[in-house]
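First up is the structure itself, then whatever we jot down about it.
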Amino acid sequence: MTTLTDPPKESFRLSMLIYDTRYRSATIQVVALMGFMLLAAWLISNTLTNLETLGKPISLAFFTEPASYDINQRLLEYDSRDSHLRAAFIGLLNTLVVAVLGCITATILGVLIGVLRLSKNWLVARIMTVYVEMFRNVPVLLWIVLAMAVLIESLPSPRAFRGENPEATMSLFDTVAVTNRGVYIPEALFHNSLGNIHLFGQSSMRFDISLDLVAFLVVLIAGLFVSNKIKQRADKVQEETGERPTTWWQRLAVVFVPIVILLAILGFHLGYPELKGFNFSGGTHMRNSLIALWLALSLYTAAFIAEIVRGGILAISHGQTEAAGALGLRQGRIMSLVVLPQALRVIIPPMISNYLNLTKNSSLAIAVGYMDITGTLGGITMNQTGRELECVVLLMGVYLLISLSISFVMNWYNKRVALVER
Amino acid sequence: MSDKSFVRTEMLPELDPPASTVGIVGWMRENLFSSVVNSILTVVSLGFIFYILAGLLPWIFQSEWGATSLTECREIFNEKYGTSHGHACWGVVNDRWLQLLYGFYPDYLYWRVNLALVLTLAALAPILFAEKAPRQMIYLTMAYPFLMPWLLWGGSIWGPICAAAGFVVIFFGYRFVTNIAGSLVGLIVSVLAGIIWWMFIAGTVASGLESVLNIGIEAVESRKFGGFMLALLLGIVAIGCSLPLGILLALGRQSDLLIVKTICVGFIEFIRGVPLITLLFVASLLLNVFLPPGTNFDIILRVMIMMTLFSAAYMAETIRGGLAALPKGQYEGADSLGLNYWQAQRLIIMPQALKISIPGIVSNFIGIFKDTTLVSIIGLFDVIGLSTAIRADTAWNGIYWELFAFIAVLFFIVCFSMSRYSMYLERKLQTGHKR
């Protein structure tokens, strides 16, 4: 771009707004702003007029009305007398549950597949290629619907578990029941439970925090902290004397002994699912819809993560591996100490967008009837109240908030592991 | 001491390398059994492949193509193999494949859809294989955006012709005004003239011409569109329109103009932050609310608009990556040649930036094509919507693998060819930046 430093000799003419580069950018900006504001004003005024003709001016009053529908898969207690706001909140938690579960599984699977795709074993590498191509080139919605259909059609019904010689038996030493209504897993119960804390009284956002869980987490974190301290001391001793004290049993003990003691004090036992009447009771019930969504999203995203991991590892120059080999490191240590830490910097940014995609794709829950926020706020609530504008706008706002938080956290982590350059 | 020394006078003949390092054996030693771990992995994988194929092959090939309902299939299987499990009932595909491909499009008009598909391929040829296709085909590509909707939706021919005439107005307006008042004024005036033509004149002219001379083909309503054809239609439109829009958005995001930049960033981040489903909700429920009272336009058109906007935001980010990867010297070189902004973008920056971002652009294309299946959630009958409907039919109640396999194969073929094409293009455009 050309920029003049001398002040203009001639006086200002109107045509200079267009032809003079010094004024032109301002002109373009003003025109763009005016155009944008006109467009926005036009849309808003249209909306207001239309809503007035329809007889439903914007209001959020419907949120306090009873939702009068049920949500079967939920983390917190909820019944159909609760408000629409409560339903949306439960839905939001369901979205987060499936997103977190999915991200964890997809990462584990994806890293495994990505590394195996680089395997020297021709057969293994080919199998992984087939996996990746198969999942990447078929819509995720199809995988979700397929997973749901397979779960419903091919698993035994609870009825099959009954009788003297049942057709189906519970797996894992009679603790897990896999049925076509979902999977029943043991739940953690405590004889001398510490009870719950109720937050926010009776409002729609009321939230119970289990003190048992809090105690467990506190002890776990304290244990990890002490274990980390032991490791640091061992590092220090190694630097001073050249010999590393054996610490693995200390570190394990510091983490696990307090937890075992705590669980014993609380009277920890597992509640197993049992067949009662027509269905299983007891244990935690994970519905088909949750499992189908979780499975399909993880398998699908894993294919993308595998490609990212593979690309990241390939991006590390071969000289690094050879240098590490020349230092006498073994294959596993080369991977964990030299290649992966460097590859991580290439891998993380696209990984963030894959986590975001998984979270956004979880909105496809509506196809299998899992009640996430799209199913509650954008599904039944919207259909019942007829408040399309409010519901869709809020839905978008919630997803925007989730996306921004994920990318904020992950970018912070990315900054932390990034190479410090000039 | 004798001065005898031994010097070999003839060379020994070359020997073949040891049998264990060449040929199939050597390859296997190298790739499958190079170490103990590798051998174990190989054996496990062979077992895995055998397990899968042992289940899959009989299922695929010991199957029934002719049956017209699942019960009939099961009877045939019981008769033939003694069990109704483990055999594919391809009768459902045989029975419903036309519906899965064309939706509810009238069957005597299938030729129009087929012709539109052939036209699509022909119109794409000069773009995809620029050096192999004849140059004249570019005229077909230019006519295609008007021809394709006319073929699919039908109706009078004057509508598309008048729409195309808008571009003629712009072209000659630009030529004419530029001679008088310079290029910038020419551009503004001609674009304004085009917009006025489309908004106010084209409709009247088209209906006038129609009353004089009624040439047209049978009109087909949007709600009859469906199946894989709908996915292709939505995919092609979203892909075609989102690339230019994405380029503009990417340029806007890189621009020095603060307000333009803010608007572009806001748009991109908003669209990328929400799932496509919510945008489709907007298309199906809200778009009419945002527009002047009484406006009611086609649901497929509304979906097309939202998908294009969605895809454009992702495209913009991909292209921004390409722009950011260009060395600064390229921009400075363009400036030093005295090119203005648009010339520099058109001649120097964009060709390189687009080339760098080809893999990203194509994976965006694949993504948006796969995402067209989401329209089944807002009630359009695309392949997945139709498969649900077929499974609800009493004749085929309980069938799922066969239908999903068919749909998956359809999508796989299109997406896989797109990704292979992008690899071909990358190789073709390789100009030696890679070490």
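Protein chains in written order, with this note's numbering: chain A, 1 to 422; chain B, 423 to 857.
We put the CB at the ideal spot given by N, CA and C, even for glycine.
Rounded to whole angstroms, His84/A and Ser289/A show a C-alpha spacing of 22 Å. Contact annotation, Phe833/B with Lys792/B: C-beta distance approximately 6 Å; criterion of less than 8 Å satisfied.
Of all residues in the region 843–854 of chain B, none places a beta-carbon less than 7 Å from a beta-carbon of chain A. If you check the CB distance, Leu796/B and Leu522/B do not come in under 8 Å. Sequence-distant partners of Gly223/A (beyond 5 residues in either direction) whose C-beta falls short of 6 Å from its own C-beta, in its chain, are Val254, Val255 and Pro258.
Distances from the alpha-carbon of Val784/B to those of Leu574/B, Asp720/B and Thr740/B put Thr740/B closest.
It is roughly 8 Å from the alpha-carbon of Ser204/A to the alpha-carbon of Asp82/A.
Listed along chain A, no residue sits closer than 7 Å to Leu520/B by beta-carbon distance, the nearest being about 20 Å off. For the region 360–384 of chain A, the residues whose beta carbon sits under 9 Å from a beta carbon of chain B are, in order, Lys360, Asn361, Ser362, Ser363, Leu364, Ile366, Ala367, Thr374, Gly378 and Met382.
Close partners of Phe712/B in chain A (Cβ separation under 7 Å): Leu43, Asn46 and Thr47.
In the three-state scheme derived from DSSP, where H, G and I count as helix and E and B as strand, Thr284/A is classed as strand. When the beta-carbon positions are compared, Ala67/A and Arg86/A come within less than 8 Å of each other. For the pair of segments examined, the region 488–502 of chain B was found not to touch the region 459–472 of chain B: the number of CB pairs separated by less than 8 Å stays below three.
Cys837/B has a beta carbon lying within less than 8 Å of a beta carbon in chain A. The C-beta of Tyr561/B has fewer than 16 other C-beta atoms within 10 Å across all chains shown, which makes the residue exposed.
Considering only Ala672/B, Val659/B, Asp804/B and Leu652/B, the residue with the shortest C-alpha distance to Arg742/B is Ala672/B.
For Ala624/B, the closest alpha carbon among the candidates Ile806/B, Ile583/B, Met772/B and Ile482/B is that of Ile583/B.
Around the CB of Phe499/B, 16 or more other CB atoms lie within 10 Å, so the residue is classed as buried. For the pair of segments examined, the region 124–132 of chain A was found not to touch the region 144–152 of chain A: the number of CB pairs separated by less than 8 Å stays below three. Between Thr816/B and chain A, the shortest Cβ-Cβ separation is not below 8 Å. Scanning the region 491–528 of chain B for uninterrupted alpha helix (DSSP H) segments of 4 residues or longer gives 492–503 and 513–524, listed from N- to C-terminal end. Taking C-alpha positions only, Leu51/A is separated from Asn710/B by approximately 11 Å. For Ala555/B and Val540/B, the gap between their C-alpha atoms comes out near 15 Å. According to DSSP, Gly271/A shares a beta bridge with Glu187/A.
Looking at Gly242/A, Arg251/A and Asp212/A, the one whose alpha-carbon comes closest to that of Lys231/A is Arg251/A. Closer than 8 Å at the C-beta level to chain A, one finds these residues of the region 694–713 of chain B: Arg694, Gly695, Val696, Pro697, Leu698, Ile699, Thr700, Phe703, Val704, Leu707, Leu708, Asn710, Val711, Phe712 and Leu713.
DSSP places Phe207/A within a strand segment (E or B) once states are collapsed to three.
Against Ser456/B, the close residues of chain A are Lys120 and Asn121, in the order they occur along the chain (beta-carbon pairs closer than 9 Å).
For the pair Tyr69/A and Ala303/A, the Cα-to-Cα distance works out to about 37 Å. Between Cys511/B and Ile812/B, the gap from beta carbon to beta carbon reaches 8 Å or more. Annotation for Trp143/A: Ala296 and Tyr300 place their beta carbon closer than 6 Å to its own, counting only its chain and skipping 5 residues before and after. Residue pairing by DSSP places Ile197/A opposite Ile209/A in a beta bridge.
For Ser25/A, the nearest CB of chain B lies under 8 Å from its own CB, placing it at the interface with that chain.
The C-beta of Thr129/A comes no closer than 8 Å to any C-beta of chain B.
Under a criterion of Cβ atoms nearer than 7 Å, the residues of chain A adjacent to Thr464/B are, in order, Asn121 and Leu123. Residue pairing by DSSP places Ile639/B opposite Gly577/B in a beta bridge.
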